[in-house]
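Those protein sequences? They're chains A and B, same order as listed. Per our numbering, the first sequence starts with residue 1, numbered consecutively. Per our numbering, the second sequence starts with residue 1001, numbered consecutively. Heads up, the beta-carbon is just placed ideally off N, CA and C, and yes, glycines get one too. Just so you know, these numbers come straight off a predicted model, no measurement behind them. Since the structure comes first, as C-alpha cells, the remarks are kept for the end.
Number of protein chains: 2
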Amino acid sequence: MSSEHVLDKVSNQINRIIPANAGVTAIEFEGPEVAIYSKNISVLIDSEGLLSQIARTIRKRVVIRSDPAVRLPIDKVLEKLKKILHDKVIIGDIEFDKNMGEVIIYVDKPNKLTRKQDDMINTITKETLWRPKFFRIPPIKSNVIKSVRNVLFSDSAARKEALLRIGKMVHRETLLEEPIIRITSLGGYLEVGRTATLVQTGDANILVDCGVSVGSSQASKMLPRFDLPEFELLNLDAVVISHSHLDHCGFLPFLFKYGYEGPVFVTDPTLNLMTMLQIDYLDIAEKEGKLVPYSKNDIRKSTLHAITIKYGEVTDIAPGVKLTFHNAGHILGSGIVHLHIGNGKHNLAFAHDFKFANSRLLDRAVHKFPRLETIVMEATYGNPQDMTPKRQDSEDQIAMLIKKALARKGKVLIPVLAVGRAQELQLVIEHLIRTKQIPEVPVYVDGMVKEATAITTNHPEFLSRQLRELIFEKNHNPFLASFWHEISVKEEREQLLEGEPCIIMATSGMLVGGPSVYYFNKLAEDEKNMIIFVSYQGKGTLGRKVEEGTESIIVKNEQNKSVELVVNMEVHRISGFTGHSDRGELMEFAKRLSPRPKKFLIMHGEMSKCETLAKSIGKSVKRESLAPPIGTTTRLY
Amino acid sequence: MSSEHVLDKVSNQINRIIPANAGVTAIEFEGPEVAIYSKNISVLIDSEGLLSQIARTIRKRVVIRSDPAVRLPIDKVLEKLKKILHDKVIIGDIEFDKNMGEVIIYVDKPNKLTRKQDDMINTITKETLWRPKFFRIPPIKSNVIKSVRNVLFSDSAARKEALLRIGKMVHRETLLEEPIIRITSLGGYLEVGRTATLVQTGDANILVDCGVSVGSSQASKMLPRFDLPEFELLNLDAVVISHSHLDHCGFLPFLFKYGYEGPVFVTDPTLNLMTMLQIDYLDIAEKEGKLVPYSKNDIRKSTLHAITIKYGEVTDIAPGVKLTFHNAGHILGSGIVHLHIGNGKHNLAFAHDFKFANSRLLDRAVHKFPRLETIVMEATYGNPQDMTPKRQDSEDQIAMLIKKALARKGKVLIPVLAVGRAQELQLVIEHLIRTKQIPEVPVYVDGMVKEATAITTNHPEFLSRQLRELIFEKNHNPFLASFWHEISVKEEREQLLEGEPCIIMATSGMLVGGPSVYYFNKLAEDEKNMIIFVSYQGKGTLGRKVEEGTESIIVKNEQNKSVELVVNMEVHRISGFTGHSDRGELMEFAKRLSPRPKKFLIMHGEMSKCETLAKSIGKSVKRESLAPPIGTTTRLY
Ligand SMILES: [Zn+2]
Ligand SMILES: [Zn+2]
C-alpha cells in the first residue's frame, strides 16, 4: 500500500472520530508524525482524551496545528506570550516558523512549562493559534546550535518539504508477510572507523551509522563498503546515527551528495555535535589538501532531513521498523540504537560505543530492553588485559599531579578531544577545585572544546542524574564556574603563558594541529610544567612521541623555521577517563543484558580484540557470539 | 577493460606468433575459447607446438577452424570421411554445423580416434577443412540427446550468436585489485530443495545451482530467494549446475525466461539428463494444473547457452573465475563444483550431492583438490543415526528377497527414481543374474527410467572405472543384457502381468504417478508378489503408506471409480543403494579432504541434520564449521 492509500485510511479514521466543529482543513504526514490542521483548535485541545484516542486508533503519533488563515498576527502573538509567560519564566528570543505554524520560544526553564500535562503548550496554542516549542536559553552561546536551528526554522519551506517527503517514506505500508531480516557489515567490523551496518527487511533498508576512517586516504579503507551489492543508495529508507563521533557519522553528508533524500534519526545533541565535527572535518581536509568527500551544503542537507528523538521515545522510521534510542553513556547524546522490526518479529540493538559505568557527565549505559534477540556491540577494549584503572584512582592521581605542578609554579597542559572526555575532565577539575583537593587556579579552555562544552550546556536533560540534580535542584552548573576562561585569540594565549600557574585544556588530543600544539611548544622546555594525556595517542603522532619519552623534537617556530625543542616538562598518562567500556564492563554488560539476546555480534575493535571478546562472551553467556568481517550478511529472522 | 579490448590484445599476441601463410581471417571469443579462422589451416596444424604456444601466451583455450570460403563441399567431405575412417570405426550419422565449420560424426568408438594426439581430428581437418567432432553411436537411442543436439547443431546460427555473447562475458577483464569474495545462500540451506548459492567477487556474479522445491507450491518456499538484494538477474555472469536433479537445476529455465543470456556450465550427461527432467517437470505441472513457471522454449534457451566441460578440465567462466568439475559419485555426470577465484585468492568447492563410496555405476567422489579454502557440503544424512547398511549386505538382501518371490512364482516390483538409483539397481540385478545369485527372468523397465538409462549408455566415459573396463575391455555392457525389456504401451503391460515371474522397475519411486502405480494396483492383492522400496518415501505419498504397512487403500480403477485395494503383497525396504553419503561417509570426506579447508559450510539437509553435522565436523577437524540459514552472506576473502 502506498503512503497515499495509508493517508486516505488514516484520514478516514480521524474524520470519523473528530468533531465536525473542529474545522479540520488538512491531514498530512510530517516526518514520523501525523499533523492535523484545524480552524478551531480549541475543540481538539478541550476534548478530553480525543488526541490520545486518535493516536491509539491510527497507531501513529499526532500533532495538531491551527490553519494558517486563523492564526493571530505576529505582533499580537508577542503581546500574548509576554502576558502568559512573564511571571513564570525569563523569555529570551522568539522565532516564528510560518510553514509549520510554530513559535519557538527561548526561556530559562522550559521544563517548567512542559512538565504538567502540556498545560502552557495548550494555553498558548488556544490563545494565539500558533503551536509553541520551548527551548532553553543557552547558558553558553553555541554558534553551531544557532546555525543548525537556522537550517531547521528559517529555511522552513525546505524543511516542510523534507518532512512531507519523509512522512511518505515512513508511512508506506509493509508488503511482505514473511520478511527476511538481515544485517550486512559495511564498515567498522574487525576494525575501528567507518562504522556502518545495513539492516534489510525486504520492506525497508536502514543504515545504522555512516562513519569515516579519518586516518585513511584510500577509498576502499576510508568509507563504508557501499560497493557491496546489497547497498543501493536510492533504495535507502532511513539512516540512524548512534552518536556524533566521525567514525559513526563522518560520511553521512556524502549520502545526500549522491541523492539520498530520506530521514536521519538522531538525538538533539548528536545533531548539533555531528554538524560541528563534520564542518571541522571538511575544514581540516581542505587545509591539509586531502580528499574532500562532500561540501558544507551536503551537511546542510543532512540537517534539513534530521528527525530528532529523545531517549526512550518509540518512533516509526520505516515501514515495519520502530526505533528507540537508549542512553549509551559514551558521549553527550550517544544512543544504543534499538530496532523493533516486523511487528515484533525481531528486536535488534546496536551498542556501538558505550560506557557501562557511571561517569560524572553521563549515566551508565542502559542494559534492559523490552525485547532483544540480537545485540551488536563494540570491542574497543576487548582484550583481557584491557582493564582501565578505577575511576577514583584516576581522579586521585590527576589531583596529585596537578597539585604537584602548581606547587612548583608550573602550568599543566591537558590535550583533549573536543567531544566527550573534555567535558568529563572539566567536571573532574571543577569537582577537585570545589572540594579543595587542588587549589583554585584559572583553567583555560581553547579550541573546538569550547563549542562542544557550549553544546553540552544546552542539553542538560541528556546529562547524568547527579549532574542534573546539581544544575536543576542545587542551581550549580559546573561549566559556569568562575575559574573557567575561554581563549580565542593569540593575545590571550600569550598573556596566559606569561601569567600565574594554571591549567590549560586544548584540542587536539594527540597534539596534531589545534592550539594544544601551540601550548606544548611554549611549555615543553620548562621542567616546572606538566603535560597529562587522558586519551589514546595514535601511532606517529606528536602526542605518541612525547608520551613515549622523546627527549627532543624538531618543531616549526612562529617564523616557520625548524628548531629543536627539548622536552623538559613532566609527562604523564591517565587512562581512567575513557568513554568506552573496558573489558570488565564489556563482559558485565553482555552478562547482564536483559533479556539475554540469542546472538552477539562483536565489532568496533582491532581484529584480535573482536575475536577474543566474541569467544569470551560466547563461553560466558552460552549464546552464539561472532566477530564477522566486513561484507558479511547475517540472517536474523 | 571491456572484452573488445581484451580481444584486441589477444589478437595482437596471436598475430605476432602465427605464420603469415596461415591466412588468418578472424579471431573470435566463442564461449570460453578463442577461435582462430584460417584459410590455410594445415600451416597451423603442422607447426609443431604452435597451438600450445598460443594457448600459453594468451592463457586461454584455443580452437582452430578453416575459413568458410575454403571448406570442401559437403558431398566431397562425406566421400573423404568414408575413405579415412572406414577401416577404423563404424560410422553412423554425420551432421554439418555450417556456422562453426564443424562436422559431427557418430562412430562406434570415438575414443579410438581422439586418443593419440588428436591425430584423426587433424587429418580430417586438413583434408576437408571442416573440424570433426566425434560422438558415440548410442547403444540405446535417446530422444532427449537427439533433441539437445538438435538445438546445439541444427539451430547453429543462434548457438553461434550465444557463444559469441558468452565469449564477451567470460573474457571481460577484472577491474578490482582487492575483491571482496562472498557467497550468499539463496536456497537449499537448512532444508532440501531449491539449491542455489550466489558467488560474488565484485567483478563477477556466479550462481551455483538453480533448483526448485518440487513439493512446494508457495513461491517463497518453492524457488530460490531471488528477491534478496544481492541477486540481480541481469548482472549474472555465469550459472554452474552441479547435477541434473530438479532440486539443483529445476529453476534454471526461469532465469532465461526473465532475460538471462549468459552461459550455463554443465557436464555433458547433466545437460542431457536435466533437459529430460525439466521437460518432465513441466509436463507433470501442466497435467496437475500446478504453477508452470516457464515454458519449453525457456528450456531450449538454457540448452542453447550450455557450455559442457569434462571432469578435471579447468575453464574460465567469468572474469577472474575458473571452474573445474570433479566426479561427485552421486549420479551420472554429477560434479563437485570447484571455483578458483581472483587468481588464487580463494578456492571454493561445492560438494552438493556426493557419494564418498564406490558404487557399481560410479566411482567414489573426489576428495583431493589442488587448492581449497572453503567447502560447501551436503547433510542429507547428517545425523549420527543416519548410517546406511553395508553395500554387500544390501545386495545380499535384495538377492535373497528376489529369489524368494520368484521361487513362489511371484512378481517383484521395484519403484525407482528415473535418474541415479535406477541405473545402479540395473547394474546390481544384472550382476546378480550374471553371477547366478538369482535366476534369469525377464526384467521390465517402464517409465522415464528407460530414457535415463539410454542417456547413461551414451556417456560411458562418466561411469566407474570397473564398469568402463567391463564395457570397453571386456566388451560387456550390462545395460544391453538380453533379459532387459523396455515397456511403453498398455498392451505390453497387460501381457507381462499375465506372464511368468519377473522383475519390474518403474517410475515414480514413491508411487505418485507414473507406471509404478499401475503395476502396484495390479500386483498388490496377490500375496505371492513383492514390492521393494530402494529410496526415501516422502510424507503423504502412497509409497510411504505402503512402506508403513497399511492393510488396504482406496484407489481409482480403470473406470476411474474408487475401489478398495487390499495390500497382500510382501513389502520391503532396502536403504543401502543411496546416491548420498551416509553420516560415516560425510565425516570421512570432511576429515580426508585435501588440503583441509579453513571453512566448512553445511547445507542440503533438514535443519537439525545440518546443525548436528556442522558441529561434529567442527569438533573433528578443528576448523570453522557452520550451518547458515538461507539469506546469509559469508565473506570468504
Ligand atoms: Zn564514539
Ligand atoms: Zn541430487
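Given residue 1133 of chain B, which residues of its chain have a CB within under 8 angstroms of its CB, disregarding the five upstream and five downstream residues? Taking the first residue of the second sequence as 1, we reach residue 1133 of chain B at position 133. Excluding positions up to five away in sequence, the list reads 1102, 1103, 1104 and 1105.
Closer than 8 angstroms: is that where the CB of residue 420 of chain A sits relative to any heavy atom of ligand 1? Taking the first residue of the first sequence as 1, we reach residue 420 of chain A at position 420. Because some heavy atom of ligand 1 lies under 8 angstroms away, the Cβ of residue 420 of chain A counts as near it: yes.
Report the residue ranges of all beta strand (DSSP E) runs contained in full by the region 554 to 608 of chain A; include only those spanning at least 3 residues, in chain order. 562 to 566, 570 to 573 and 599 to 603
Quiz: which residues have CB nearer than 5 angstroms to ligand 2 non-hydrogen atoms: B/1245 and B/1353
Where the region 222 to 247 of chain A meets chain B: residues whose CB sits under 9 angstroms from a CB there: 225, 227, 228, 229, 230, 231, 232 and 235
So is the beta-carbon of residue 243 of chain A under 8 angstroms away from any non-hydrogen atom of ligand 4? This structure simply doesn't include ligand 4; it includes ligand 1 and ligand 2 instead.
If you measure beta-carbon to beta-carbon, which residues of the region 172 to 186 of chain A are closer than 8 angstroms to chain B? 178, 180, 182 and 184
Can you pull out the residues from the region 1470 to 1489 of chain B whose beta carbon lies closer than 8 angstroms to at least one beta carbon of chain A? none
Starting from the beta carbon of residue 1638 of chain B, find every residue of chain A whose beta carbon is closer than 8 angstroms, and list them in chain order. This structure does not reach residue 1638 of chain B, given that chain B is present from 1001 up to 1637, and the question cannot be answered.
Would you mind telling me which residues of chain B sit closer than 8 angstroms to residue 217 of chain A, beta carbon to beta carbon, in chain order? Here residue 217 of chain A corresponds to residue number 217 of the first sequence, with the count starting at 1. Near residue 217 of chain A there are no residues of chain B at all, since even the closest Cβ is about 15 angstroms away, more than 8 angstroms.
Can you name, in chain order, every residue of its own chain whose Cβ lies under 6 angstroms from the Cβ of residue 362 of chain A, other than the five neighbours on each side? Taking the first sequence and counting its residues from 1, the one referred to as residue 362 of chain A is at position 362. Result list for residue 362 of chain A: 329 and 464, in chain order.
With DSSP collapsed to three states, give me the class of residue 545 of chain A. Taking the first sequence and counting its residues from 1, the one referred to as residue 545 of chain A is at position 545. Helix, per DSSP.
Cα-Cα separation, residue 1289 of chain B to residue 1510 of chain B: Taking the second sequence and counting its residues from 1, the one referred to as residue 1289 of chain B is at position 289. Taking the second sequence and counting its residues from 1, the one referred to as residue 1510 of chain B is at position 510. Cα-Cα distance, rounded: 20 angstroms.
Within-9 angstroms CB hit, residue 1559 of chain B to chain A: To locate residue 1559 of chain B, count along the second sequence from 1; it is residue 559. Not one chain A Cβ lies under 9 angstroms of residue 1559 of chain B.
Starting from residue 1635 of chain B, follow its DSSP beta bridges and name the residues at the other end. By one-based count along the second sequence, residue 1635 of chain B stands at place 635. Bridge partners of residue 1635 of chain B: B/1182.
Are residue 121 of chain A and residue 80 of chain A touching if we call contact CB-CB under 9 angstroms? The residue given as residue 121 of chain A occupies position 121 in the first sequence. The residue given as residue 80 of chain A occupies position 80 in the first sequence. For residue 121 of chain A and residue 80 of chain A, no; Cβs fall outside 9 angstroms.
Assuming the contact rule is C-beta atoms closer than 8 angstroms, residue 1579 of chain B and residue 1378 of chain B should be a hit. Round their C-beta distance to whole Å, please. For the purposes of this step, residue 1579 of chain B is taken as the residue at position 579 of the second sequence. For the purposes of this step, residue 1378 of chain B is taken as the residue at position 378 of the second sequence. Not quite, the Cβ-Cβ distance comes to about 11 angstroms (not below 8 angstroms), so this is no contact.
Since residue 1501 of chain B and residue 1584 of chain B should fall inside the 8 angstroms C-beta cutoff, what is the C-beta to C-beta distance between them, to a whole number of angstroms? Translated into the one-based positions of the second sequence, residue 1501 of chain B becomes position 501. Translated into the one-based positions of the second sequence, residue 1584 of chain B becomes position 584. So it is not a contact: roughly 37 angstroms between Cβ atoms.
Among B/1630, B/1237, B/1322 and B/1633, which one has its Cα closest to the Cα of residue 1059 of chain B? Numbered from its first residue, the second sequence carries residue 1059 of chain B at position 59. Of B/1630, B/1237, B/1322 and B/1633, the residue nearest in Cα terms is B/1322.
Cross-chain neighbours of residue 1220 of chain B in chain A, by beta carbon under 7 angstroms: By one-based count along the second sequence, residue 1220 of chain B stands at place 220. Chain A residues near residue 1220 of chain B: 178.
Checking the sheet assignment: what are the DSSP bridge partners for residue 1187 of chain B? Start at 1 with the first residue of the second sequence, and residue 1187 of chain B comes out as number 187. For residue 1187 of chain B, which the question treats as bridged, DSSP gives the partners B/1196.
Proximity below 9 angstroms, CB of residue 99 of chain A to CB of residue 157 of chain A: One-based indexing of the first sequence puts residue 99 of chain A at position 99. One-based indexing of the first sequence puts residue 157 of chain A at position 157. In contact: residue 99 of chain A and residue 157 of chain A (Cβ atoms closer than 9 angstroms).
Short Cβ contact (9 angstroms threshold) for residue 360 of chain A with residue 428 of chain A: One-based indexing of the first sequence puts residue 360 of chain A at position 360. One-based indexing of the first sequence puts residue 428 of chain A at position 428. Yes; because the gap between Cβ atoms is below 9 angstroms, this pair is in contact.
C-alpha gap between residue 1508 of chain B and residue 1484 of chain B, whole angstroms: Within the second sequence, numbered from 1, the residue matching residue 1508 of chain B stands at position 508. Within the second sequence, numbered from 1, the residue matching residue 1484 of chain B stands at position 484. Cα to Cα, the separation comes out at about 19 angstroms.
Is any heavy atom in ligand 1 found nearer than 8 angstroms to the beta carbon of residue 142 of chain A? As a position in the first sequence, residue 142 of chain A is number 142, starting the count at 1. Checking every heavy atom of ligand 1 against the Cβ of residue 142 of chain A, none is found closer than 8 angstroms.
Along the chain, where does the beta strand (DSSP E) containing residue 1324 of chain B start, and where does it finish? In the second sequence, the residue the question calls residue 1324 of chain B occupies position 324. Counting along the chain, the beta strand (DSSP E) containing residue 1324 of chain B begins and ends at 1321 to 1327.
Under 8 angstroms, CB to CB, which of the residues in the region 523 to 541 of chain A have a partner in chain B? none
Should residue 1446 of chain B go down as buried or exposed, given a rule of 16 or more other Cβ atoms within 10 Å for buried? As a working mapping, residue 1446 of chain B is identified with position 446 in the second sequence. Answer is buried; the Cβ neighbour count reaches 16.
Would you tell me roughly how many angstroms separate the C-alpha atoms of residue 307 of chain A and residue 264 of chain A, rounded to the nearest one? For the purposes of this step, residue 307 of chain A is identified with residue 307 of the first sequence, where counting begins at 1. For the purposes of this step, residue 264 of chain A is identified with residue 264 of the first sequence, where counting begins at 1. C-alpha separation (whole angstroms): 6 angstroms.
Separation of residue 600 of chain A from residue 375 of chain A, as counted between CA atoms: Here residue 375 of chain A is taken as the residue at index 375 of the first sequence, counted from 1. Here residue 600 of chain A is taken as the residue at index 600 of the first sequence, counted from 1. So the two alpha carbons sit approximately 5 angstroms from each other.
Between residue 1437 of chain B and chain A, is there a C-beta pair that is closer than 9 angstroms? What you label residue 1437 of chain B is simply residue 437 of the second sequence in a count that begins at 1. It does not: the Cβ of residue 1437 of chain B has no partner Cβ on chain A nearer than 9 angstroms.
The alpha helix (DSSP H) with residue 1111 of chain B in it runs from where to where? Residue 1111 of chain B sits at position 111 when you count from the first residue of the second sequence. Unbroken alpha helix (DSSP H) run through residue 1111 of chain B: 1110 to 1114.
DSSP state of residue 1159 of chain B mapped onto helix, strand, coil: Indexing the second sequence from 1 puts residue 1159 of chain B at position 159. Looking at residue 1159 of chain B - three-state DSSP - the assignment turns out to be helix.
Decide if residue 12 of chain A is buried, meaning its Cβ has at least 16 other Cβ atoms within 10 Å, or exposed. By 1-based counting over the first sequence, the position of residue 12 of chain A is 12. That one is exposed.
What separation, rounded to the nearest whole angstrom, lies between the Cα atoms of residue 114 of chain A and residue 32 of chain A? On the first sequence, residue 114 of chain A is found 114 positions in, with the first residue counted as 1. On the first sequence, residue 32 of chain A is found 32 positions in, with the first residue counted as 1. The straight-line gap from Cα to Cα measures roughly 21 angstroms.
CB of residue 579 of chain A to nearest heavy atom of ligand 1: below 8 angstroms? As a working mapping, residue 579 of chain A is identified with position 579 in the first sequence. Residue 579 of chain A: yes, Cβ under 8 angstroms from ligand 1.
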